[in-house]
Amino acid sequence: MAEAQPTTETSTATEPLLSQQLLDFRELLPDSLATTWQLIEQYPILGSLLIALAFYFLALIGRALLTQVLGRLTDMTRTTLDDRVLEVLRKPIFVTIFFAGLCLATVAANLPAGRDFLLNLLVSIIVANWMVAALKMVTLVLNSLSNAQRFTIIDARTVPLIDLTSNLVIIMFGSYVLLMIWGINPVGWLASAGIAGLAIGFAAKDTLSNLFSGFFIVADAPYKLGDYINLDTGERGKVCAIGLRSTRLLTRDDVEITIPNGVIAAAKIINESGGPQTMRIRIVVGVAYGSDVDQVSELLMLAGTEHTEVCNSPEPRVRLRGFGASSLDFNLMCWINKPEDRGRIAHELHVKIYKLFNEHEVEIPYAKQDLYIKQWPSLKND
18 MAEAQPTTET STATEPLLSQ QLLDFRELLP DSLATTWQLI EQYPILGSLL IALAFYFLAL
78 IGRALLTQVL GRLTDMTRTT LDDRVLEVLR KPIFVTIFFA GLCLATVAAN LPAGRDFLLN
138 LLVSIIVANW MVAALKMVTL VLNSLSNAQR FTIIDARTVP LIDLTSNLVI IMFGSYVLLM
198 IWGINPVGWL ASAGIAGLAI GFAAKDTLSN LFSGFFIVAD APYKLGDYIN LDTGERGKVC
258 AIGLRSTRLL TRDDVEITIP NGVIAAAKII NESGGPQTMR IRIVVGVAYG SDVDQVSELL
318 MLAGTEHTEV CNSPEPRVRL RGFGASSLDF NLMCWINKPE DRGRIAHELH VKIYKLFNEH
378 EVEIPYAKQD LYIKQWPSLK ND
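Numbering (this note's numbering), first residue to last: 18 to 399.
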């Protein structure tokens, strides 16, 4: 007997934490339930089946109460978010109650082998169900907040970024819990991952820079698909794709340019589509001194209003901007709907203005020099 005691102590010391906690709960039972548990221990197989059956019905009752009681409360609200969240919670609540009963049934069955593995598996299924439910609820909440009719709490353009970040946090926390359930200490893994992360960070710093810049572009949204942007590096085009690593522009020459997000994040961006619905174009024209300024203003206004693709609101405007070296400098300002039509419409306005000026004999000055001879040189007869 003296040699058997160390073996028993060693077995208790190496007992898995989860199994040990489930075994110790018997000490917390009241006297009435302790007597019942002693009866179950006398018939372990029958007792475990009764426990599993009782918790199955208890899970059904809990889910029914959740649907009936909380369902009535959610019917009083105008939003459908609480109804969808309640629908998501039905399964994990049922699984939690039923599988908790299966854990007790496993302990009561007093299996000769495999008890610890079965307990860890049952608890892991509970954790996995709550992870899936949490992922679904985050998506529901973000979509509801971004699609609110009266007050938009979250910008719809930032929903993918927040959703991805939330999912990563939920998966990392759930994975940590699962590792602890199976008795795996993740601290060593995290330390190794940190060292590996430093090495990967130095090796792929440009790629990571583009990746983080892509997150910031999605969150800050300086442009969106279909916008026409100008970069201080000279590129101009329509945004046809926004990725986590790069952004692609389609130029007016129908050439697609792929620009790393790190370059765009550090560049000055002019978004021609980012303001109001219309875009202003400016036609600069000079007329000769002595021209009728009222007539010139009327002709420029006529050229702007007669063009079918120039917006009526706001209407075109004509301004005399200054006195040049050899011309009166006028500006015709018009608003158009599409930035990509700027070049074509400007060409058509220039042609129209030139024809109107020729028709009404308005001189457009050009570079010329007048030579004045103050005195002719005297001619001497040889």
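For glycine and all other residues, C-beta sits at the position ideal for the given N, C-alpha and C.
Here the structure is a predicted model, which is why all the values come from computation and not from measurement.
What is the rounded straight-line gap between the Cα of Leu261 and the Cα of Ala320?
46 Å
Just mark Ile234 as buried or exposed, buried being the case when its beta carbon has 16 or more other beta carbons within 10 Å.
Residue environment for Ile234: buried (at least 16 other C-beta atoms within 10 angstroms of its C-beta).
Going by DSSP, which residues form a beta bridge with Phe347?
Val302, Leu337
Grab the span of the alpha helix (DSSP H) containing Arg80 for me, first residue to last.
That run of the alpha helix (DSSP H) goes 61-82.
Could you pull the DSSP bridge partners for Leu266 from this structure?
Val256, Ile274
Which of the three DSSP states, helix, strand or coil, is assigned to Asn247?
Reduced to three states, the DSSP call for Asn247 is strand.
Count Cβ pairs between the stretch 376-389 and the stretch 322-333 that sit closer than 8 Å; are there 3 or more?
no
Go through its chain and collect everything with a Cβ distance to Ser263's Cβ below 7 Å, but skip five positions before and after it.
Asn227, Thr275, Ile276, Pro277, Asn278
Looking at the secondary structure, which residues open and close the alpha helix (DSSP H) in which Asn329 lies?
Where Asn329 is concerned, there is no enclosing alpha helix (DSSP H), given that its DSSP letter is neither H nor E.
Would you tell me roughly how many angstroms separate the C-alpha atoms of Thr268 and Leu157, rounded to the nearest one?
38 Å
For Pro33, which residues in the same chain have their Cβ closer than 7 Å to its Cβ, ignoring the five residues on either side in sequence?
With a pLDDT of only 49 at Pro33, under 50, the local geometry of the prediction cannot be trusted, and the value read off the model is given with reservation. Contacts found: Asp133, Gly200.
Distance check for Ser343 and Gln386, CA to CA, integer angstroms please.
11 Å
What are the boundary residues of the alpha helix (DSSP H) that Ile370 is part of?
359-376
Sort Gly307, Leu103, Pro129, Val124 by Cα distance to Ala151 and report the nearest one.
The candidate whose alpha carbon is nearest that of Ala151 is Leu103.
Need the endpoints of the beta strand (DSSP E) that Ile287 sits in, please.
286-288
Since I believe Leu349 is in contact with Leu337 (beta carbons under 8 Å), could you give me their beta-carbon distance rounded to a whole number of angstroms?
Rounded, the Cβ-Cβ distance is 11 Å, inconsistent with contact.
Let me make sure I understand the geometry here. Which of Ala284, Leu83, Lys255, Ile259 has the alpha-carbon closest to that of Glu270?
For the record, residue 270 in the displayed sequence is Asp; it is not Glu. Nearest C-alpha to Asp270 among Ala284, Leu83, Lys255, Ile259: Lys255.
Do Ile353 and Asn288 have their C-beta atoms closer together than 9 Å?
no
What residues in its chain sit with their C-beta under 6 Å from that of Ser161, if we drop five residues either side in the sequence?
Leu98
In the DSSP assignment, what residue or residues form a beta bridge with Ile460?
The shown model of the chain, from 18 to 399, leaves out residue 460, and the question about it has no answer.
Between which two residues does the alpha helix (DSSP H) harbouring Lys108 extend?
98-126
Note down, in chain order, each residue of its chain lying with its Cβ closer than 6 Å to the Cβ of Cys257, except the 5 sequence neighbours on either side.
Arg265, Leu267
Pairing CB atoms from the stretch 84-94 with CB atoms from the stretch 137-151, are three or more of them under 8 Å?
no
CA-CA distance, Ala284 and Tyr193?
Their backbone Cα atoms lie some 40 Å apart in a straight line.
Quick check: what's the CA-CA separation for Ala384 versus Glu357?
Each residue's alpha carbon lies about 33 Å from the other.
Spatial neighbours of Phe111 within its chain, please: C-beta separation below 6 Å, excluding the five flanking residues on both sides.
Ala76, Arg80
Use the C-beta contact count for Arg167: other C-beta atoms within 10 angstroms, 16 or more gives buried, fewer gives exposed.
Because the pLDDT of Arg167 is 49, which lies under 50, any placement of that residue in the model is unreliable, and the number read from its coordinates should be weighed accordingly. Under this definition Arg167 is an exposed residue.
Give the DSSP-derived three-state secondary structure of Val379 in the structure shown.
coil
Please classify Met189 as buried or exposed, where buried requires at least 16 other C-beta atoms within 10 Å of its C-beta.
Burial call: exposed.
Can you tell me the Cα-Cα spacing of Lys372 and Pro331, whole angstroms?
A direct Cα-to-Cα measurement between Lys372 and Pro331 gives close to 25 Å.
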